[in-house]
């Protein structure tokens, strides 16, 4: 049965009719004539050196709905940076390369790359809709980007912010930070503090850590950009404060989504810590008091919720015939839990 269920505070735009995808892209070209669309690709230098990046460029060559593509990069080796303009010349769209080094206002990284690109596009004033796309996506498809932009570009839909979601499944279940950390952590907050409007909003998203979004220029310029791995959570919290949930949607990006997998005990642990820090800073801004007792209650509730999440993941893998290393997943859960034991969270 097709999944058309609607739950939570925002609209979910599932992918129900693949035969319509070509028409979406054709219509988007026409819509973009009235409201031009710019794509921002925030890239770390190592992303530019991977085969995935070349495949993304090939896919973007036929994205006629894009007026401009902005490559906002950091930590790029001199030789890679020198060769980049020639590589980008294959694209028929207007291309802009922004090379960002650490600044006094914000450390280098994805958040700064996105902010600098948005500021550039706002000054240029040519594009009415901005979209962002991660640069390490092996399964990138132009049509998925088109559907995301269509949700904001089509005047009958009326959305000012759209976020992509997808299943992180290829040969096994991925998305561990989402499955085993963020989702259980949000449920832990509900257990300890009750239903909070901001948390209910975040729980409405199927994949809140996705880096693929589309939004209006006016909204983009209202948003502060968090640094590091807290970018996506911080962005959603600011969206919650600035527009009505009825102006927000999430768009199905399909199955088989595949991007760079982070080392479990290093990058994922740091990612979880930064996400927790950003989340609780945002909750504090909403008036949630945090003391030693709250800290302990959240850590305990997270472990319970994460155990439930682990069981659900094991069930999902079993019924779909996917390999599932329960010991490794449990070890990952413990690594995440230790991030909440740190006094700085």
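Residue numbers (the numbering used here): 19 to 363. Here a beta-carbon is modelled for each residue, glycine too, at the ideal position from N, C-alpha and C.
Residue i: first and last residue of the uninterrupted beta strand (DSSP E) it sits in
{"i": "residue 179", "result": "179-183"}
{"i": "residue 268", "result": "266-270"}
{"i": "residue 92", "result": "84-92"}
{"i": "residue 150", "result": "147-150"}
{"i": "residue 234", "result": "231-234"}
{"i": "residue 4", "result": "Residue 4 is absent from the model: the chain starts at 19 and stops at 363."}
N-terminal and C-terminal residue of the alpha helix (DSSP H) that residue i is part of
{"i": "residue 253", "result": "249-260"}
{"i": "residue 356", "result": "344-359"}
{"i": "residue 67", "result": "Taken as a continuous stretch (DSSP letters only), residue 67 belongs to no alpha helix (DSSP H), as it is neither H nor E."}
{"i": "residue 53", "result": "That residue, residue 53, is in no alpha helix (DSSP H); it is neither H nor E in DSSP."}
Of the residues the options, the one placed nearest residue i, counting alpha carbons only
{"i": "residue 162", "options": "74, 264, 316", "result": "74"}
{"i": "residue 147", "options": "319, 58, 40", "result": "58"}
{"i": "residue 116", "options": "43, 132, 110", "result": "132"}
{"i": "residue 319", "options": "234, 200, 41", "result": "200"}
{"i": "residue 41", "options": "165, 158, 347, 337", "result": "165"}
Where residue i falls: helix, strand or coil (DSSP)
{"i": "residue 108", "result": "coil"}
{"i": "residue 61", "result": "strand"}
{"i": "residue 116", "result": "strand"}
{"i": "residue 307", "result": "coil"}
{"i": "residue 25", "result": "coil"}
{"i": "residue 19", "result": "The predicted model places residue 19 with a pLDDT of 40, which falls under 50 and marks its position as unreliable; any figure quoted below should be read in that light. Looking at residue 19 - three-state DSSP - the assignment turns out to be coil, as it is neither helix nor strand."}
{"i": "residue 75", "result": "helix"}
{"i": "residue 175", "result": "coil"}
{"i": "residue 335", "result": "helix"}
{"i": "residue 227", "result": "coil"}
{"i": "residue 191", "result": "strand"}
Sub-7 Å separation of residue i and residue j beta-carbons
{"i": "residue 293", "j": "residue 251", "result": "yes"}
{"i": "residue 29", "j": "residue 255", "result": "no"}
{"i": "residue 63", "j": "residue 222", "result": "no"}
{"i": "residue 182", "j": "residue 230", "result": "yes"}
{"i": "residue 245", "j": "residue 60", "result": "no"}
{"i": "residue 128", "j": "residue 86", "result": "no"}
{"i": "residue 304", "j": "residue 216", "result": "yes"}
CB-CB length for residue i against residue j, believed under 8 Å
{"i": "residue 65", "j": "residue 154", "result": "5 Å"}
{"i": "residue 190", "j": "residue 340", "result": "5 Å"}
{"i": "residue 324", "j": "residue 297", "result": "About 15 Å separates the two Cβ atoms, so there is no contact after all."}
{"i": "residue 179", "j": "residue 237", "result": "6 Å"}
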